[in-house]
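J.:
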Amino acid sequence: MKICKAKLDLILARKEQTISSLRTGISSKTLTKVRHGEEVLPIVVGRIARKLGVDPTEIIETEE
22 MKICKAKLDL ILARKEQTIS SLRTGISSKT LTKVRHGEEV LPIVVGRIAR
72 KLGVDPTEII ETEE
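In the numbering used here, the protein residues as written are 22 to 85.
1. From Arg35 to Ala27, what distance separates their C-alpha atoms?
2. Nearest-angstrom Cα distance between Ser48 and Val65?
3. So the alpha helix (DSSP H) Lys50 belongs to, where does it begin and stop?
4. Would a C-beta distance cut-off of 7 Å place Ile24 and Leu43 closer than the cut-off?
5. Excluding the 5 residues flanking Lys72 on each side, which residues of the same chain have their C-beta closer than 6 Å to its C-beta?
Right, dumping it as structure tokens:
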């Protein structure tokens with residue numbers, strides 16, 4: 022799964038947070054993958070979504 026950087030950035034901006042604020046429970050290596058638009062495991066998507074208080078579907082890339 023890929024996390025959409027634009028969606029993630031928008032949610033982080035709304036919550037006045039940085040991607041670094043997600044570090045608890047998520048490795049720096051994994052956050053780097055997210056920043057570069059690389060694939061991550063579904064559990065990672067779930068963890069990030071939970072930390073942001075959103076549904077995972079709100080942050081994943083979708084085919085249009």
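Cβ coordinates follow ideal geometry from the N, Cα and C atoms, glycine included.
Computed from a predicted model, the values in this text were never measured in an experiment.
T.: Concretely, from the data shown:
1. 12 Å
2. 10 Å
3. Ser49 to Arg56
4. no
5. Leu43
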